[in-house]
Amino acid sequence: MGPHLRALVGRTVLVWTSPGGSSVKDEGVFEEFDGIFVRIRSGEDTLYFPYTAIRLIKVVN
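Residue numbers for the sequence shown follow our numbering, so the first one is 3 and each next one is one higher.
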């Protein structure tokens, strides 16, 4: 994981993706980037996003 993404671990983030031409925003705690997927925890759910689908990651706090 690169140093910029490593700095996000444990922080609350908003992740914007563009599936099928629409824009979707999800919020959760950044857990990991394994080189292919970004993983965030949103309550009891774990969300995985392929990095190619991510438009923006914004730190909330």
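Ideal Cβ positions, reconstructed from N, Cα and C, are used throughout, including at glycine.
Residue from the options with nearest C-alpha to residue i
i, options, result
"Asp28", "Asn63, Gly37, Ser44", "Ser44"
"Lys60", "Val17, Gly4, Glu33", "Val17"
"Ile38", "Gly22, Ala9, Ser25, Ile56", "Ile56"
"Arg8", "Thr19, Val31, Gly23, Ser24", "Val31"
Whole-angstrom distance between residue j and residue i, CA atom to CA atom
i, j, result
"Arg13", "Phe35", "13 Å"
"Leu49", "Glu33", "10 Å"
"Ser24", "Thr54", "15 Å"
"Val21", "Pro52", "Note that residue 21 corresponds to Pro in the displayed sequence, not to Val. For Pro21 and Pro52, the distance between alpha carbons rounds to 11 Å."
"Val40", "Pro5", "14 Å"
Identified DSSP bridge partners for residue i
i, result
"Leu16", "Glu29, Lys60"
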